[in-house]
Amino acid sequence: SQTIHQWPATLVQPVGSPLSLECTVEGTSNPNLYWYRQAAGRGLQLLFYSVGIGQISSEVPQNLSASRPQDRQFILSSKKLLLSDSGFYLCAWSTPQGPGTEAFFGQGTRLTVV
Amino acid sequence: DAKTTQPNSMESNEEEPVHLPCNHSTISGTDYIHWYRQLPSQGPEYVIHGLTSNVNNRMASLAIAEDRKSSTLILHRATLRDAAVYYCILSYQSGGSNYKLTFGKGTLLTVNP
Numbered sequence: 001s002q003t004i005h006q007w008p009a010t011l012v013q014p015v016g017s018p019l020s021l022e023c024t025v026e027g028t029s030n031p032n033l034y035w036y037r038q039a040a041g042r043g044l045q046l047l048f049y050s051v052g053i054g055q056i057s058s059e060v061p062q063n064l065s066a067s068r069p070q071d072r073q074f075i076l077s078s079k080k081l082l083l084s085d086s087g088f089y090l091c092a093w094s095t096p097q098g099p100g101t102e103a104f105f106g107q108g109t110r111l112t113v114v
Numbered sequence: 001d002a003k004t005t006q007p008n009s010m011e012s013n014e015e016e017p018v019h020l021p022c023n024h025s026t027i028s029g030t031d032y033i034h035w036y037r038q039l040p041s042q043g044p045e046y047v048i049h050g051l052t053s054n055v056n057n058r059m060a061s062l063a064i065a066e067d068r069k070s071s072t073l074i075l076h077r078a079t080l081r082d083a084a085v086y087y088c089i090l091s092y093q094s095g096g097s098n099y100k101l102t103f104g105k106g107t108l109l110t111v112n113p
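From first to last, the protein sequence lines stand for chains A and B.
Residue 1 is where the first sequence starts when you use this note's numbering, and the numbers rise one by one after that.
Residue 1 is where the second sequence starts when you use this note's numbering, and the numbers rise one by one after that.
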């Protein structure tokens with residue numbers, strides 16, 4: 001069966017520090033991968049998606065970047081965190097079979113920038 | 001992006017059916033209607049999806065209007081564990097093999113014992 005791992009679960013980082021969040025998927029190949037962010041009391045905002053190794057699309061301009069060094073690995077990074085980067089970050093995957101398939105989400109990372 | 005409109009909150013009693021509405025008047029012919037739910041501090045969980053016909057699974061039923069401009073998620077017997085934020089989402093192809101799920105604010109469902 002397929003599983004998605006996301007870590008760490010919680011993170012407190014000072015303003016100006018770097019960030020690296022990792023997400024890995026098991027049990028499937030060539031998944032579509034997604035990073036979402038959820039600010040407190042708000043809906044989920046799509047940040048990045050990837051359809052293959054090295055292929056990253058950004059949905060909104062921001063202080064973050066994403067990379068996909070391996071087929072089932074998706075990394076969210078920042079060189080210098082801002083207070084506004086605080087939020088709940090979620091990784092998700094889906095099969096590349098189109099909009100009639102479901103997406104599976106990780107348990108999320110709660111990031112607090114202080 | 002095609003958008004959906006949902007009530008901010010709804011309340012139900014345990015053991016009773018719940019009908020969660022969603023309007024998507026700008027839906028296109030190839031958009032799928034997905035429902036996800038999210039418990040506090042957890043990632044969203046898939047509930048159900050459909051294109052044109054009504055759908056049933058072990059969790060819920062999805063009733064889609066004939067003109068596809070609205071849909072209703074039906075929980076047949078609400079339990080306390082169904083208390084969550086429910087998102088109605090249109091899933092559409094976004095170039096190549098990718099499709100996107102664009103979330104709105106969802107409906108906060110409260111279930112009273």
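All residues carry an ideal CB built from backbone N, CA and C; glycine is no exception.
Distance between residue j and residue i (C-alpha atoms, nearest Å)
i         : j         : result
Thr115(B) : Ser17(A)  : This structure cannot settle anything about residue 115(B), because the visible part of chain B is limited to 1 through 113.
Ser50(A)  : Pro8(A)   : 21 angstroms
Asn56(B)  : Gly50(B)  : 9 angstroms
Gly104(B) : Phe48(A)  : 17 angstroms
Gln6(B)   : Ser78(A)  : 34 angstroms
Glu11(B)  : Ser20(A)  : 39 angstroms
Gln38(A)  : Cys91(A)  : 11 angstroms
Lys3(B)   : Gln73(A)  : 30 angstroms
Ala40(A)  : Pro113(B) : 27 angstroms
Residue i classed as buried or exposed, judged by whether at least 16 other C-beta atoms fall within 10 angstroms
i        : result
Gln55(A) : exposed
Gln70(A) : exposed
Asn54(B) : exposed
Chain A contact residues for residue i, given Cβ-Cβ distances below 8 angstroms
i         : result
Thr102(B) : Leu46
Neighbour list for residue i in chain A, Cβ cutoff strictly below 9 angstroms
i        : result
Leu73(B) : Within 9 angstroms Cβ-Cβ: nothing; Leu73(B) doesn't reach chain A, min ~15 angstroms.
Within chain A, partners of residue i - CB distance below 7 angstroms
i         : result
Gly106(B) : Gly43
6 angstroms CB neighbourhood of residue i in its chain, flanking five on each side removed
i        : result
Gln13(A) : Leu81 and Val113
Gln2(A)  : Gly27 and Thr28
His5(A)  : Thr24
Pro99(A) : none
Beta-carbon proximity list for residue i, same chain, < 8 angstroms, skipping 5 on both sides
i        : result
Arg58(B) : none
Ala66(A) : Trp35, Leu47, Phe48, Ser50, Ile56, Ser58, Phe74, Ile75, Leu76 and Ser77
Where residue i meets chain B, residues with beta-carbon distance less than 7 angstroms
i        : result
Glu22(A) : The premise fails here: Glu22(A) is roughly 15 angstroms from chain B at the closest Cβ pair, so nothing lies under 7 angstroms.
Inset, instruction - May I ask you to verify whether the stretch 72-88 of chain B touches the stretch 41-51 of chain B, counting CB pairs closer than 8 angstroms and requiring at least 3? - result: Between the stretch 72-88 of chain B and the stretch 41-51 of chain B there are three or more C-beta pairs closer than 8 angstroms, enough to call the two in contact.
Legend entry - Stretch-stretch touch, CB-based, cutoff 8 angstroms, three pairs: the stretch 83-90 of chain A with the stretch 65-75 of chain B: By the criterion of at least three beta-carbon pairs nearer than 8 angstroms, the stretch 83-90 of chain A is not in contact with the stretch 65-75 of chain B.
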